[in-house]
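Here is the structure we will look at, set down as structure tokens.
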Amino acid sequence: MDAIKPLPQVSSFSASLFSFLDDSFRDATDLSQSPVLVSELRAEISDLDQRLAGLNRQLESGLAAYASFSGRIGGLFSGVNAKLADLSSSTCVPRLASDGGKEEETTELVAGEELPSLAKEVAQVESVRAYAETALKLDTLVGDIEDAVMSSMNKNLISPRSSSFEEVRLHAIKTLKKTEEILSVVARRHPRWARLVSAVDHRVDRALAMVRPQAIADYRALLTSLGWPPQLSTLTSPSLDSKSDNVQNPLFNMEGNLKSQYCGNFHALCSLQGLQLQRKSRQLGNHKGENVLFHQPLWAIEELVNPLTVASQRHFTKWSEKPEFIFALVYKITRDYVDSMDELLQPLVDEAKLAGYSCREEWVSAMVSSLSLYLVKEIFPIYVGQLNEANETDLRSEAKVSWLHLIDLMISFDKRVQSLVSQSGILSLQEDGNLLRISSLSVFCDRPDWLDLWAEIELDERLVKFKAEIDNERNWTVKVQDELISSSNVYRPPIVSSIFLQHLSSIIERSKSVPAIYLRARFLRLAASPAIQKFLDSLLLRCQEAEGLTALTENNDLIMVSNSINAAHYIESVLEEWCEDVFFLEMVTGQYNPQEVTGLENFTEPSEGIFGEEFEKLEKFRLEWINKLSVVVLRGFDARTREYIKNRKQWQEKGDKEWTVSRALVGALDYLQGKTSIIEENLNKADFTAMWRSLASEIDKLFYNSILMANVKFSDDGVERFTEDMEVLYGVFRAWCVRPEGFFPKLSEGLRLLKVKRSM
Numbered sequence: 108m109d110a111i112k113p114l115p116q117v118s119s120f121s122a123s124l125f126s127f128l129d130d131s132f133r134d135a136t137d138l139s140q141s142p143v144l145v146s147e148l149r150a151e152i153s154d155l156d157q158r159l160a161g162l163n164r165q166l167e168s169g170l171a172a173y174a175s176f177s178g179r180i181g182g183l184f185s186g187v188n189a190k191l192a193d194l195s196s197s198t199c200v201p202r203l204a205s206d207g208g209k210e211e212e213t214t215e216l217v218a219g220e221e222l223p224s225l226a227k228e229v230a231q232v233e234s235v236r237a238y239a240e241t242a243l244k245l246d247t248l249v250g251d252i253e254d255a256v257m258s259s260m261n262k263n264l265i266s267p268r269s270s271s272f273e274e275v276r277l278h279a280i281k282t283l284k285k286t287e288e289i290l291s292v293v294a295r296r297h298p299r300w301a302r303l304v305s306a307v308d309h310r311v312d313r314a315l316a317m318v319r320p321q322a323i324a325d326y327r328a329l330l331t332s333l334g335w336p337p338q339l340s341t342l343t344s345p346s347l348d349s350k351s352d353n354v355q356n357p358l359f360n361m362e363g364n365l366k367s368q369y370c371g372n373f374h375a376l377c378s379l380q381g382l383q384l385q386r387k388s389r390q391l392g393n394h395k396g397e398n399v400l401f402h403q404p405l406w407a408i409e410e411l412v413n414p415l416t417v418a419s420q421r422h423f424t425k426w427s428e429k430p431e432f433i434f435a436l437v438y439k440i441t442r443d444y445v446d447s448m449d450e451l452l453q454p455l456v457d458e459a460k461l462a463g464y465s466c467r468e469e470w471v472s473a474m475v476s477s478l479s480l481y482l483v484k485e486i487f488p489i490y491v492g493q494l495n496e497a498n499e500t501d502l503r504s505e506a507k508v509s510w511l512h513l514i515d516l517m518i519s520f521d522k523r524v525q526s527l528v529s530q531s532g533i534l535s536l537q538e539d540g541n542l543l544r545i546s547s548l549s550v551f552c553d554r555p556d557w558l559d560l561w562a563e564i565e566l567d568e569r570l571v572k573f574k575a576e577i578d579n580e581r582n583w584t585v586k587v588q589d590e591l592i593s594s595s596n597v598y599r600p601p602i603v604s605s606i607f608l609q610h611l612s613s614i615i616e617r618s619k620s621v622p623a624i625y626l627r628a629r630f631l632r633l634a635a636s637p638a639i640q641k642f643l644d645s646l647l648l649r650c651q652e653a654e655g656l657t658a659l660t661e662n663n664d665l666i667m668v669s670n671s672i673n674a675a676h677y678i679e680s681v682l683e684e685w686c687e688d689v690f691f692l693e694m695v696t697g698q699y700n701p702q703e704v705t706g707l708e709n710f711t712e713p714s715e716g717i718f719g720e721e722f723e724k725l726e727k728f729r730l731e732w733i734n735k736l737s738v739v740v741l742r743g744f745d746a747r748t749r750e751y752i753k754n755r756k757q758w759q760e761k762g763d764k765e766w767t768v769s770r771a772l773v774g775a776l777d778y779l780q781g782k783t784s785i786i787e788e789n790l791n792k793a794d795f796t797a798m799w800r801s802l803a804s805e806i807d808k809l810f811y812n813s814i815l816m817a818n819v820k821f822s823d824d825g826v827e828r829f830t831e832d833m834e835v836l837y838g839v840f841r842a843w844c845v846r847p848e849g850f851f852p853k854l855s856e857g858l859r860l861l862k863v864k865r866s867m
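Offset between the sequence shown (1-based) and this note's numbering: plus 107.
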């Protein structure tokens, strides 16, 4: 019978042993399971012995390999030493005495041509030595990583409650970082060692493939033990917009060992992600992968958001007809827990040296991404289906209203969550990449067809509202009196143009909520540009109706055309002022790739800006109808001067002293002054100047060709009479310039020649 061995002293027990005994023997009934426990322990000891024997064999193999490396390196060094000795002996300088008192002649026996090859062999030996040392060091580190990973994966060997479990994982992460530092140096300094780097990367990737899933699984289990996700019953109350003071935040309620474990797990995940970012940056090239890597979500924050998303979607399914509740709930969750991101988790991210990561931003981004995903899968398909299925006008109109209501909710939600992010003072919300991550409207990046549908609905709704304003004739007669708009007093536009600009401004403001520049340009080309074209069409239609009815002979028709020209010029000037804003300038600086979205090549912006085509059309409209006003006045003036022009005898007759101007010309001049004055009263100054100058040029050609160039004979009285008539004609235009004769160059030159002939 074997002697009974005495029990060891309790004071010699380790903390892990105490923990093991506490877990195995919680009460007296557990003593009956002692034989089973003993057999399990013996089996584990047997497994450990086998594993230890395997590790010893690996160690012996490693030592043998190291000895082989050392032997080869020693042989190489021996060869180098022998060659150096030969070199030393070959550089000796023997002295040879000559007969007859001749000078001593010295010869050096060094073979200069052998030195370069010898130096090359020395460099090769040094390179082999460095390669061997680096390979051995990396092999040792990777072996430590694999051992640590296997130990952390085997939950039967280490109790999860003991600190050694976290220490093993932490040791693995530290070793991984050290290995990555060496690989970075090797990749930078020794690009020819690519196979060594590739082999190490392969083994490290296998280790990471086991560490990350296990770390995430442990993190999820820890979150469950903390009571995450919190109950949403208090968040789904009617007061979703008000902040709940009694929100239970499990992250703030952690204490003691539980808090330490959570922080350790969170830090481990952040360290692993930072390590992966470094590895990808090295593998892609630092400058190539930087932009892609920056937008990788933070794993630990994603694991906080995922269970919240699952819990929230149970409520979302009840609110498909009331999407405002969905947005309110997501915003409330985001806001109520955002403080814990800054106070508790951000220091852990900083400690893990994850540069460029803000926990507040990552939290908001993850919540917005979960909402966007739900909108894409569940909400937008319903709304698109309603639009496609609605055949009747009323049903389609109702579907459009629902669509615009959803867009309004998304815009409002984005502004609120962006306000939460901007409170950190870190993020620049003007950057496209950042806006995409915290904007629910980013759903249009993957579905540009939905953006096109939105632009179409937006345009239709604005045109319907604006049509009623166009049909109101009073809006075409009352002038804009807005002193804040400097150009309104210059162009004197009708109030309908100001109403149109309000609708256009609303479209532009809504486009600013789109988080990508190329999508904003696409939206404006589909919604704003057609709106401008529709307004220009309405101006053209009014002018054509006036021309078709009376050929613009009536004063009211002249006023109608003048108001239309004023409206066009005013819209043109305001658009030009808007396009000087950075919002429009960045659309033509080539900051987006047309190939990102199918069909975007159709939306390439002209060099003049986003509204380049519209500027050209507005200008063409103005010039065309200014010219028509000039032609209309000229036509009437020509009809009233026909007798004056046909009467050639009058230039040889004696003049009538009672009249300072020919009687046949009085009616024409009165018509000219009357029509031009009406246009002056209604047309803006810049366009009126262009109109009367064009008119003066045409009258100059008319009189010059019909009188001076028609072989008319002038007496002295006739020359004097014609000169006086032209002075009266100049006087009509003297109200708008100091020297009107300068705008009648042909007549002025003809009169000068007539006077010269008379004096000869």
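Just so you know, even glycine gets a beta-carbon here, dropped at the ideal spot from N, CA and C.
Nearest to Val528 (by Cα), restricted to the options Val483, Leu436, Asp578 and Glu469
Taking the sequence shown and counting its residues from 1, one reaches residue 528 at position 421. Relative to Val528, the option among Val483, Leu436, Asp578 and Glu469 whose CA is nearest is Glu469.
Go ahead and label Pro938 buried or exposed: buried means 16 or more other beta carbons lie within 10 angstroms of its beta carbon, across all protein chains shown.
This structure cannot speak to residue 938, because the chain is shown only from 108 to 867.
Taking all protein chains shown into account, do 16 or more other C-beta atoms lie within 10 angstroms of the C-beta of Asn673, making it buried, or fewer, making it exposed?
The residue you call residue 673 lines up with position 566 of the sequence shown. Classification of Asn673: buried, given that the 10 Å Cβ count is 16 or more.
Which same chain residues end up closer than 7 Å to Val412 when comparing Cβ atoms and leaving out the 5 residues on each side of it in sequence?
Translated into positions along the sequence shown, residue 412 becomes position 305. Sequence-distant Cβ neighbours of Val412 in its own chain, meaning closer than 7 Å and more than five residues away, are Ala473, Met474 and Ser477.
I'd like to know whether the C-beta atoms of Leu455 and Phe373 end up nearer to each other than 8 Å.
Sequence index remark: in the sequence shown, residue 455 carries index 348 (1-based). Sequence index remark: in the sequence shown, residue 373 carries index 266 (1-based). For Leu455 and Phe373, yes; Cβs fall inside 8 Å.
Rounded to the nearest angstrom, what separates Ser388 and Glu228 at their Cα positions?
Position 281 of the sequence shown holds residue 388. Position 121 of the sequence shown holds residue 228. The straight-line gap from Cα to Cα measures roughly 35 Å.
Give the secondary structure of Lys586 by DSSP, where H, G and I count as helix, E and B as strand, and everything else as coil.
By one-based count along the sequence shown, residue 586 stands at place 479. Looking at Lys586 - three-state DSSP - the assignment turns out to be strand.
With DSSP as the reference, label Pro601 as helix, strand or coil.
Position 494 of the sequence shown, counted from the start, is the residue given in the question as residue 601. Looking at Pro601 - three-state DSSP - the assignment turns out to be strand.
Look at the alpha carbon of Leu583 and the alpha carbon of Gly655, and state the distance between them as a whole number of angstroms.
Position 476 of the sequence shown, counted from the first residue, corresponds to residue 583. Position 548 of the sequence shown, counted from the first residue, corresponds to residue 655. Per the sequence presented here, residue 583 reads as Trp, with Leu not at that position. Near 19 Å, if we compare the C-alpha coordinates of Gly655 and Trp583.
Mapping DSSP to helix, strand and coil, what is Phe551?
Position 444 of the sequence shown, counting from 1, holds the residue named residue 551. DSSP places Phe551 within a helical segment (H, G or I) once states are collapsed to three.
Under a Cβ-count criterion, where at least 16 other Cβ atoms within 10 Å of its own Cβ denotes burial, should Ile60 be classed as buried or exposed?
What is shown of the chain runs 108 to 867, which leaves residue 60 out entirely.
Could you tell me how far apart the beta carbons of Ser669 and Asn789 are, in whole angstroms, since I believe they sit closer than 8 Å?
On the sequence shown, residue 669 is found 562 positions in, with the first residue counted as 1. On the sequence shown, residue 789 is found 682 positions in, with the first residue counted as 1. With a Cβ gap of about 4 Å, Ser669 and Asn789 count as contacting.
When Leu558, Leu543, Tyr464 and Tyr481 are compared against Trp510, the one with the closest alpha-carbon
In the sequence shown, residue 510 corresponds to position 403, counting from 1. Measuring from the Cα of Trp510, the nearest candidate turns out to be Leu558.
Between the CA atoms of Ile489 and Arg442 - distance to the nearest angstrom:
Here residue 442 is taken as the residue at index 335 of the sequence shown, counted from 1. Here residue 489 is taken as the residue at index 382 of the sequence shown, counted from 1. Near 28 Å, if we compare the C-alpha coordinates of Ile489 and Arg442.
What are the boundary residues of the alpha helix (DSSP H) that Glu450 is part of?
On the sequence shown, residue 450 is found 343 positions in, with the first residue counted as 1. No alpha helix (DSSP H) contains Glu450, which DSSP labels as neither H nor E.
Can you tell me whether DSSP reads Cys650 as helix, strand or coil?
Taking the first residue of the sequence shown as position 1, residue 650 is located at position 543. Note: Cys650 maps to helix in three-state DSSP.
Stretch pair the region 545-553 + the region 613-623: three plus CB contacts closer than 8 Å
Between the region 545-553 and the region 613-623 there are three or more inter-stretch CB-CB distances shorter than 8 Å, so the stretches are counted as touching.
Check for me: the alpha helix (DSSP H) holding Thr830 runs from which residue to which?
In the sequence shown, the residue the question calls residue 830 occupies position 723. Here the alpha helix (DSSP H) through Thr830 covers Asp823 to Phe840.
Of the residues Lys820, Ser447 and Val304, which one's Cα is nearest the Cα of Gln355?
Counting from 1 along the sequence shown, the entry for residue 355 is found at position 248. Taking Gln355 as reference, the option from Lys820, Ser447 and Val304 with the minimal CA-CA separation is Ser447.
Would you kindly check if the distance between the Cβ of Phe551 and the Cβ of Leu482 is under 8 Å?
Here the question's residue 482 lines up with position 375 in the sequence shown. Here the question's residue 551 lines up with position 444 in the sequence shown. No. Outside cutoff.
Just verifying my parser: in three-state terms, what is the DSSP assignment at Ile786?
Numbered from its first residue, the sequence shown carries residue 786 at position 679. In the displayed model, Ile786 falls within a helix according to three-state DSSP.
Indicate whether Trp732 and Cys844 have their beta-carbon atoms separated by less than 8 Å.
Position 625 of the sequence shown, counted from the start, is the residue given in the question as residue 732. Position 737 of the sequence shown, counted from the start, is the residue given in the question as residue 844. No, the Cβ-Cβ distance between Trp732 and Cys844 is not below 8 Å.
Enumerate in chain order the residues of its own chain whose CB-to-CB distance from Ile752 is below 7 Å, with the five nearest sequence positions on each side excluded.
Counted from its first residue, the sequence shown places residue 752 at position 645. Within the same chain, Ile752 has close Cβ partners Ser813 and Ile814.
By Cβ distance below 6 Å, which residues in the same chain neighbour Asn662 in space, the five residues on each side in sequence not counted?
As a first step, residue 662 is located in the sequence shown; it is residue number 555 there, counting from the start. Excluding sequence neighbours, Asn662 sits near Ile785.
For Met361, which of helix, strand or coil comes out of DSSP?
Translated into positions along the sequence shown, residue 361 becomes position 254. Coil at Met361, not helix or strand.
In angstroms, rounded to a whole number, what distance separates the CA positions of Gly381 and Lys727?
To locate residue 381, count along the sequence shown from 1; it is residue 274. To locate residue 727, count along the sequence shown from 1; it is residue 620. Computed Cα separation, rounded: 60 Å.
Taking 8 Å as the threshold (C-beta atoms), are Phe810 and Phe821 in contact?
Position 714 of the sequence shown, counted from the start, is the residue given in the question as residue 821. Position 703 of the sequence shown, counted from the start, is the residue given in the question as residue 810. At the C-beta level, Phe821 and Phe810 stay beyond 8 Å of one another.
Assuming Ile577 contacts Ser645 (C-beta within less than 8 Å), just tell me the rounded distance between them.
To locate residue 577, count along the sequence shown from 1; it is residue 470. To locate residue 645, count along the sequence shown from 1; it is residue 538. The C-beta separation of Ile577 from Ser645 comes to about 5 Å, placing the pair in contact by the 8 Å criterion.
Could you tell me the boundaries of the alpha helix (DSSP H) in which Pro414 lies?
Numbered from its first residue, the sequence shown carries residue 414 at position 307. Bounds of the alpha helix (DSSP H) holding Pro414 are Trp406 to Phe423.
Taking the alpha-carbon positions, what's the Glu167 to Ile252 distance?
To locate residue 167, count along the sequence shown from 1; it is residue 60. To locate residue 252, count along the sequence shown from 1; it is residue 145. Between the alpha carbons of Glu167 and Ile252 lies a distance of about 19 Å.
Taking DSSP as the reference, what is the three-state secondary structure of Val768?
For the purposes of this step, residue 768 is identified with residue 661 of the sequence shown, where counting begins at 1. Residue state, collapsed to three classes: coil.
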